[in-house]
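Chemist: Could you have a look at this structure, given as structure tokens, before my questions?
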Amino acid sequence: MIALLLRDLKLSVRAGGGALIGVLFFTTVVAVIPFGVGPDLNLLSRIGPAIVWIGALLSALLGLDRMFQTDREDGSLDLILMQEHPLALTVLVKCLAHWLGNGLPLVIASPLLGLFMNMDEVAIGATMLTLLVGTPALTFIGAVGAAVAVALPRGGLLVSILVLPLAIPVLIFGVSASYAAVQDPAPFMPPFLILVAITMFFAVLGPLGAALALRNAGD
Amino acid sequence: MPQIAVLTKLTDLANPTRFLGLASRILPWMAGITAILFAIGLYLSFAGEGDYQQGMTVRIMYVHVPAAWLSMMCYSVMAASAIGTLVWRHPLADVSHKAAAPLGAAFTLIALATGSLWGKPMWGTWWVWDARLTSVFVLFLMYLGLIALNRAMDDPGKAARVSSVLILVGFVNIPIIKFSVEWWNTLHQPASVIRMGGSTIDSTFLWPLLMMAIAFTMLFFTLHIAAMRNEIWRRRVSAQRRMAARMAGQKTDNTVEKGA
Amino acid sequence: MRLMVEALSARRGEDLIFRDISFTLDGGQSMVLTGRNGSGKSTLLRAVSGLLRPESGRVIWHSEGTDADIRAAEACHYLGHRNAMKAELSVSENLGFWKSFIGDFPGGHGVSVGEAAEAVGLGDIAHLPFGYLSAGQQRRMAFAKLLVAWKPVWILDEPTAALDVSAESVFTALIKTHLSQGGIVLAATHQPLGLENARELKMTGFAGGTESMW
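Protein chains in written order, with the numbering used here: chain Y, 1 to 219; chain V, 1001 to 1260; chain R, 2001 to 2214.
And the structure:
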């Protein structure tokens, strides 16, 4: 299992720089927002957490469909499916590796983008914290889509369409918690704890669903 | 040396032929009952008085609420069929959830459209990000995604199994989505919009509503069985076409071998 | 040690590719599947490996010291058309990963990565990225994967396609060694593998008259 984690991490670093593309996309999405809504700093700081979250959500979806697809293309997936470390556990490890390679860089890049959006320190910190807790949920739920993509002649866009509705709760509570940290009356903990709960729930549901889809997509 | 046995009759686990026989027998009855129920329901809907606040627009409710109810029931039917596909590998279950998805999308669209029509006089706008409307909208997107997924795959068996997984994952998620949308809604719209249901519904509205709900449910099952029948026929036709191609291919192969 | 295949039938798409295939292979035995393209050789191999759920029938593995209900796939190595190696990683990283991920089946031990690369005649280039190797070298390294972790059954799908004669003889020697150690080999091939005692199963594929499930 550790071998799988290390291998996937090595691949994400060496192969084409998936992490870099994700961060670049994230930066670009956030950077075009001011061109759309205007350079009003007050407005930007107000919508900042939401924009950063949406940018992270889209960037997280970007590399998802490759999660199992590369393994399928070179035949590795067959061998992985044959080994009975419970398949859900194998998927969980692949999710972790994928998140370390693609999700974590987004979290690390988010404070910089927060500065672009004129957010204050508390808001930046809260957004980063919620992203740290929330982006794994995106990877877990996206794993189901990635497993479905294996069976598709051409995956890609369809995976995003399938996964996005399921990711709505993550977005809602991630953004709610970020705002709650800044705006006084709303408490921070309830939405944040719900976000943690959602992540933990998806950590179970995602790998189980993905394993089921992988077993059934084989031919 | 082991030999590939001569193809003998395959004992079917599922029997689509029996289903087709049953379907053709009960479909006229179901269609008839649906028509009668609709006649009664529509009569009651229009005979009753309008609401003193909402006027005639309250009659939209008699279409809107049953459609919204069906949008959820249809997904439950699909989830049950998905279990049938994954656990028992029943080909009829494959057909069932494939046939149900467009129906679910259609009823959800009706619910959204009538909700929007109702919203214009009530709230003064075509669309509000009300918790119910929003979660129904998300459901609509999920239906469309499932339809797209089914169409993107060539092998119907694999398509059925893969979309079953997604249906079930979505089914587990629906309560979470509903809950989070409600949370989000109360956060952003403290002044809640006027809501039907939950509160006391007068019996003058209740009877037509109940009748229409039953009529819509019957309509769903009639359409569902008809759509399943169509899907089975479609698969039979494509199976026979493939067979014809295969036979022709073997004939040419043989002549080539003889020629060589 | 025994691999039993009982009344296996499998579908591809909606077509039944083969039905009611049964055979038994004991330790040291091998079987070669022959037949033209599309006759179902690969499908049978994937069904035995557990990668394709069979329409009916089952594959049973029996050996000393393992559970009776163990999945037969656990005892199998599968070498498909694709090499299952990452072009970005070096050969030894690739082999090292599979060695620890696949692991040894009870009753034997895999050789080290260096020895495996040596065995396929490419010991001195194991440090190179896999992508830099030629197609023939890549295939040899994919074969070395079978050596790093011990599995009694080797399931080989066209193992020698696109290989020169010397590489073929290396493979044949490795397969013979595996058989002499009590292993089992199930291979689909166009070319003769040079195995004297191999049984042959001729796949005829679609025989016409397959009933659709509809």
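Glycine included, every Cβ here is placed at the ideal spot set by N, Cα and C.
These numbers were taken from a predicted model, which means no experiment stands behind them.
State yes or no: is the beta carbon of Ala1148/V nearer than 8 Å to at least one beta carbon in chain Y?
Modeler: Yes, Ala1148/V counts as interfacial toward chain Y.
Chemist: Please go through the same chain and pick out, in chain order, the residues whose beta-carbon is closer than 6 Å to the beta-carbon of Pro136/Y, but skip the five residues on each side of it.
Modeler: If we look at Pro136/Y and ignore the five residues flanking it on each side, its Cβ neighbours are Trp99, Thr199.
Chemist: Rounded to whole angstroms, how far is the Cβ of Arg2002/R from the Cβ of Asp2026/R, which I believe are closer than 8 Å?
Modeler: That pair is a contact at about 5 Å.
Chemist: Closest to Thr1034/V by C-alpha separation, out of Ala1113/V, Trp1233/V, Phe1220/V, Arg1236/V, would be which residue?
Modeler: Checked all of Ala1113/V, Trp1233/V, Phe1220/V, Arg1236/V; the closest Cα to Thr1034/V is Phe1220/V.
Chemist: Could you give the distance in angstroms between the alpha-carbon of Gly75/Y and the alpha-carbon of Ala2144/R?
Modeler: Going by the C-alpha atoms only, they are around 15 Å apart.
Chemist: Determine, using beta carbons only, whether Gln69/Y comes closer than 8 Å to chain R.
Modeler: Taking Cβ atoms only, chain R never reaches closer than 8 Å to Gln69/Y, which makes this a no.
Chemist: Whose C-beta lies closer than 8 Å to the C-beta of Gln83/Y among residues of the same chain, with five residues either side of it excluded?
Modeler: The residues are Thr90.
Chemist: Keeping to the same chain, check which residues put their C-beta closer than 6 Å to that of Met1142/V; ignore five residues upstream and five downstream.
Modeler: Once the five neighbours on either side are set aside, the close Cβ partners of Met1142/V are Gly1170.
Chemist: Give every residue of the same chain whose Cβ lies closer than 6 Å to the Cβ of Phe25/Y, excluding the five residues on either side of it in the sequence, and list them in chain order.
Modeler: Answer for Phe25/Y: Ser59, Leu62, listed in chain order.
Chemist: By the criterion of Cβ-Cβ separation under 7 Å, what are the contact partners of Phe173/Y in chain V?
Modeler: Here the neighbours are Ser1180.
Chemist: Using a threshold of 8 Å, state whether the C-beta atoms of Glu2200/R and Val2032/R are closer than that.
Modeler: For Glu2200/R and Val2032/R, yes; Cβs fall inside 8 Å.
Chemist: Ordered along the chain, which non-local residues of its own chain (more than five positions away) have a Cβ less than 6 Å from that of Arg2011/R?
Modeler: So the list reads Glu2055, once near-sequence residues are dropped.
Chemist: According to DSSP, is Met2031/R part of a helix, a strand, or is it coil?
Modeler: Strand at Met2031/R.
Chemist: Would you identify the three-state DSSP class for Thr2024/R, choosing helix, strand or coil?
Modeler: In this structure, Thr2024/R counts as strand in the three-state DSSP scheme.
Chemist: In this structure, does DSSP put Ile1262/V in helix, strand or coil?
Modeler: With chain V running from 1001 to 1260 in the structure shown, residue 1262/V is simply not present.
Chemist: Anything in the region 1155-1174 of chain V with a Cβ closer than 9 Å to a Cβ of chain R? List those residues in chain order, please.
Modeler: Under the 9 Å Cβ criterion, the region 1155-1174 of chain V contributes Asp1155, Pro1156, Gly1157, Lys1158.
Chemist: Go ahead and pull the three-state DSSP assignment for Ser2039/R.
Modeler: Coil, per DSSP.
Chemist: Quick check for students: name the residue ranges of the beta strand (DSSP E) that lie wholly in the region 180-216 of chain Y, counting only runs of 3 or more.
Modeler: Whole beta strand (DSSP E) segments, 3+ residues: zero.
Chemist: Take Ile2146/R and list the residues in its own chain whose beta-carbon comes closer than 7 Å to its own, dropping the five residues that flank it on each side.
Modeler: Note on residue identity: the sequence assigns Leu, not Ile, to residue 2146/R. Same-chain partners within the cutoff: His2077, Leu2079, Trp2154.
Chemist: Specify the secondary structure class of Arg2082/R as computed by DSSP and reduced to three states.
Modeler: Residue state, collapsed to three classes: coil.
Chemist: Does Glu2014/R get closer than 8 Å to chain V when you measure Cβ to Cβ?
Modeler: Chain V, which has a Cβ nearer than 8 Å to the Cβ of Glu2014/R, makes this yes.
Chemist: Please say whether Leu2186/R and Leu2045/R have beta carbons closer to each other than 8 Å?
Modeler: Closer than 8 Å, so yes.
Chemist: Can you tell which of Leu9/Y, Ala213/Y, Phe202/Y has the C-alpha that lies nearest to the C-alpha of Pro105/Y?
Modeler: The option with the nearest alpha carbon to Pro105/Y is Leu9/Y.
Chemist: Would you grab the beta carbon distance between Gly2065/R and Gly2182/R for me? Rounded to a whole angstrom, and I think it's under 8 Å.
Modeler: Actually they do not touch by this definition, with Cβ atoms about 14 Å apart.
Chemist: Grab the span of the beta strand (DSSP E) containing Val2153/R for me, first residue to last.
Modeler: Residues 2153-2157.
Chemist: Does any residue of chain R bring its CB to less than 8 Å from the CB of Ala1031/V?
Modeler: Judged by the 8 Å Cβ criterion, Ala1031/V is not in contact with chain R.
Chemist: Chain V partners of Ala177/Y, CB-CB under 7 Å?
Modeler: Neighbours of Ala177/Y on chain V: none; closest Cβ ~11 Å, over 7 Å.
Chemist: Below 7 Å CB to CB, which residues in the same chain sit around Ala1079/V once its five sequence neighbours on both sides are set aside?
Modeler: Same-chain partners within the cutoff: Ile1167, Leu1168, Phe1171.
Chemist: Just to confirm, is the Cβ distance from Val2148/R to Lys2099/R under 8 Å?
Modeler: Closer than 8 Å, so yes.
Chemist: Report the three-state DSSP secondary structure of Trp1088/V (helix, strand or coil).
Modeler: If DSSP states are grouped into helix, strand and coil, Trp1088/V belongs with the helices.
Chemist: Kindly say whether Met1212/V, judged by its beta-carbon, lies nearer than 8 Å to any beta-carbon of chain R.
Modeler: So, not an interface residue.
Chemist: Hey, does Ile168/Y have any beta-carbon neighbour from chain V nearer than 8 Å?
Modeler: Yes - at least one Cβ of chain V is within 8 Å of the one on Ile168/Y.
Chemist: Looking at chain A, is there any beta carbon in it that lies within less than 8 Å of the beta carbon of Ala147/Y?
Modeler: Annotation note: the requested chain A is absent from the structure, which comprises protein chains Y, V and R.
Chemist: My output table needs one value for Arg14/Y: the three-state DSSP class, helix, strand or coil.
Modeler: Of the three classes helix, strand and coil, the one that applies to Arg14/Y here is helix, per DSSP.
Chemist: With 8 Å set as the bound, which would you pick, yes or no: does the beta-carbon of Gly1145/V sit closer than that to a beta-carbon of chain Y?
Modeler: So yes, Gly1145/V belongs to the interface.
Chemist: For Gly1124/V and Ile2/Y, I'd like the C-alpha separation in whole angstroms.
Modeler: Cα to Cα, the separation comes out at about 59 Å.
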